[in-house]
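Visitor: This is the structure I have questions about; it appears just below.
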Amino acid sequence: MFSIPTPNTEAEPGQLPVIEMAESGQVLSALLSVIYPVVPPRISEVSLAVGLLQAWKKYLMPMERLQPFLAELFSESSLLENPLDIYALAWKLDSTTEAKRASRYTHGVELTAEAMSRLTMLSGTEASLSTLIDLRKTRKILLKLIAFAVPIRQFACPNHGGGDNDVYDITAYIFHLLEMENQVEKALARPHFEACHDFRDFLALRTDDWRWPGSRLSKRCSHPTNNYCFGNIEPDQIEYFSAIINSWKDMLPMEITW
85 MFSIPTPNTE AEPGQLPVIE MAESGQVLSA LLSVIYPVVP PRISEVSLAV GLLQAWKKYL
145 MPMERLQPFL AELFSESSLL ENPLDIYALA WKLDSTTEAK RASRYTHGVE LTAEAMSRLT
205 MLSGTEASLS TLIDLRKTRK ILLKLIAFAV PIRQFACPNH GGGDNDVYDI TAYIFHLLEM
265 ENQVEKALAR PHFEACHDFR DFLALRTDDW RWPGSRLSKR CSHPTNNYCF GNIEPDQIEY
325 FSAIINSWKD MLPMEITW
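Structure representation (C-alpha cells):
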C-alpha cells in the first residue's frame, strides 16, 4: 500500500512522519476495518462504498472479501430509498444481476440532468445511464404488450360487449384500455414484488368457475364494471396466449410468473 519510514523510537508524537494518501480517512478506516479482524464497518452510504471499492481495486484485493460488507446497501429498504445510487454501485461492482434488480426501482425517479450526472459519476461510466434508459423503456413496452395480448373484443364476456352480445360497449372498452395502462404503471411502481402479477390476474382472465353463461354465474357479470373481463376465453386459448407472452420473457428485464 505504501512504504512507511521507520521513525526514531524517541521521536515525539507530533514529529511522526506524515504520509499523504489518495483515500480519505473515512475510506481508509473502512478499508482497514474490513481487512483486519476488528468490528466490521457499517457501509450504509453509497459514496463511502464507491470510495472503498475504488481503494479495494487499487490495492488488488479479492472482491469476494468485500461483497458481504456491501449487502446492506442492496436491501429492499435501500433500493426503495435510493435506487439510482444503488444501481450505480452495482455497475461499479460489475454486477449485472444487481444492476437489473436496482433498475426496477427507478421507474418512479425522474432522470434529471443532476440525477444523470451523479449516476455517471458514481458508476464511472456513461454506459450505466444509457443501459438504464433502455431497461426502463424495454420494460414498459413489453408490459404493455402483455397487457394487450388478448383481443379484448373477441374474448370479453357478454356483459362487457363480447361474445354474441349485439351491444358493443365502447365505453367499457375504452375504460379497459385505460385500466390496462394503469396496470402497467402499477406493475412498474411495485418493484419490491419479485414477480409482477400473474398474467391471468393482470389481464383479468376468468377461470372455468367464472365463465358466463353457466350454472355458477347469473347473467350479470360480477366482475367490476370499470374493467373488462374475459369470460369467453377457453382454457386452450389461455395456453395459446400464455405461450405468446412467454416468448417475450427473456427480453423482459424483470421476473414474471405465468
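The sequence shown begins at 85 in the working numbering and counts up by one.
The beta carbon of each residue, even a glycine, is placed where N, CA and C say it ideally should be.
State the CB to CB distance for the pair threonine 196 and tryptophan 175, rounded to an integer number of angstroms; the pair is presumed to be in contact (CB under 8 Å).
Guide: Contact flag wrong, Cβ pair sits at about 19 Å.
Visitor: Any contact of the region 259 to 272 with the region 166 to 185, i.e. 3+ C-beta pairs under 8 Å?
Guide: No: the two stretches stay apart, fewer than three of their Cβ pairs being nearer than 8 Å.
Visitor: From the DSSP output, in three-state form, read off serine 306 for me.
Guide: Residue confidence for serine 306 is low, a pLDDT of 47 falling below 50, so the modelled location carries little weight; the figure read from the coordinates is stated next. The answer is coil: DSSP assigns serine 306 none of H, G, I, E or B.
Visitor: From leucine 301 to leucine 219, what does the alpha carbon distance come to, in whole angstroms?
Guide: Unreliable placement is indicated for leucine 301, whose pLDDT of 36 sits below 50; the coordinate value is still reported in the next sentence. Roughly 43 Å separates the two Cα atoms.
Visitor: Is it the case that the region 183 to 193 contacts the region 154 to 170, given that we only count it when at least three CB pairs across the two stretches are under 8 Å?
Guide: As far as the Cβ criterion goes, the region 154 to 170 touches the region 183 to 193, which means the pair count is three or higher.
Visitor: Give me, in chain order, the residues of the same chain whose beta-carbon lies closer than 8 Å to that of alanine 199; leave out the 5 immediate sequence neighbours on both sides.
Guide: Taken in chain order, the residues that qualify are Leu168 and Val193.
Visitor: Is the beta carbon of isoleucine 127 less than 8 Å from the beta carbon of phenylalanine 158?
Guide: Their beta carbons are not under 8 Å apart, which means isoleucine 127 does not touch phenylalanine 158 by this criterion.
Visitor: Just the C-alpha distance for serine 326 and serine 162, rounded to the nearest angstrom, thanks.
Guide: Going from the Cα of serine 326 to the Cα of serine 162 covers about 34 Å.
Visitor: Excluding five sequence neighbours on each side, which residues of the same chain lie with their C-beta closer than 7 Å to the C-beta of leucine 112?
Guide: Only Met105 meet the Cβ criterion.
Visitor: Kindly indicate which residue of Asp320, Leu262, Ala233 and Leu173 has the alpha-carbon position closest to the one of glutamate 129.
Guide: Glutamate 129 has its Cα closest to that of Leu173, out of Asp320, Leu262, Ala233 and Leu173.
Visitor: Would you tell me roughly how many angstroms separate the C-alpha atoms of glutamine 138 and serine 108, rounded to the nearest one?
Guide: Looking at the two C-alpha atoms, the distance is approximately 12 Å.
Visitor: Here's a check: name, in chain order, each residue in its chain whose Cβ is nearer than 7 Å to the Cβ of methionine 70, leaving out the five neighbours to either side.
Guide: It is not possible to answer for residue 70, since the shown part of the chain is limited to 85 through 342.
Visitor: Taking the alpha helix (DSSP H) that tyrosine 189 belongs to, which residues open and close that run?
Guide: Per DSSP, tyrosine 189 belongs to no alpha helix (DSSP H) and is neither H nor E.
Visitor: In whole angstroms, what separates the C-alpha of isoleucine 225 from that of leucine 144?
Guide: Distance between the alpha carbons of isoleucine 225 and leucine 144 is about 42 Å.
Visitor: Given a threshold of 16 other Cβ atoms within 10 Å of its Cβ, counted over all protein chains shown, does tyrosine 120 qualify as buried or as exposed?
Guide: Counting Cβ neighbours within 10 Å, tyrosine 120 comes out exposed, since fewer than 16 surround it.
Visitor: Tell me which residue opens and which closes the alpha helix (DSSP H) that arginine 149 is part of.
Guide: Residues 147 to 150.
Visitor: Measure the CB-CB distance between leucine 115 and leucine 136 and report whether it falls below 8 Å.
Guide: Yes, they are a contact pair.
Visitor: Have a look at Met205, Ser201, Ser187 and Tyr171 and flag the residue whose alpha-carbon is nearest the alpha-carbon of aspartate 223.
Guide: The question names aspartate, yet the displayed sequence has arginine at residue 223. When only C-alpha atoms are compared, the closest one is Ser187.
Visitor: Can you say whether serine 331 is buried or exposed, counting buried as having 16 or more other CB atoms within 10 angstroms of its CB?
Guide: With fewer than 16 other Cβ atoms within 10 Å, it is exposed.
Visitor: With H, G and I counted as helix, E and B as strand and the rest as coil, what does DSSP make of threonine 180?
Guide: In the structure shown, threonine 180 sits in a helix (DSSP, three-state: H, G or I).
Visitor: From leucine 262 to alanine 273, what does the alpha carbon distance come to, in whole angstroms?
Guide: Leucine 262 and alanine 273: Cα-Cα distance of roughly 17 Å.
Visitor: Compute the Euclidean distance between the alpha carbons of isoleucine 328 and lysine 221, then round it to the nearest angstrom.
Guide: Isoleucine 328 and lysine 221: Cα-Cα distance of roughly 20 Å.
Visitor: If you follow the alpha helix (DSSP H) that glutamate 160 is part of, which residue opens it and which one closes it?
Guide: Counting along the chain, the alpha helix (DSSP H) containing glutamate 160 begins and ends at 160 to 165.
Visitor: In the DSSP assignment, find the unbroken alpha helix (DSSP H) run with isoleucine 230 in it and report its ends.
Guide: Run containing isoleucine 230: 211 to 231, per the alpha helix (DSSP H) assignment.
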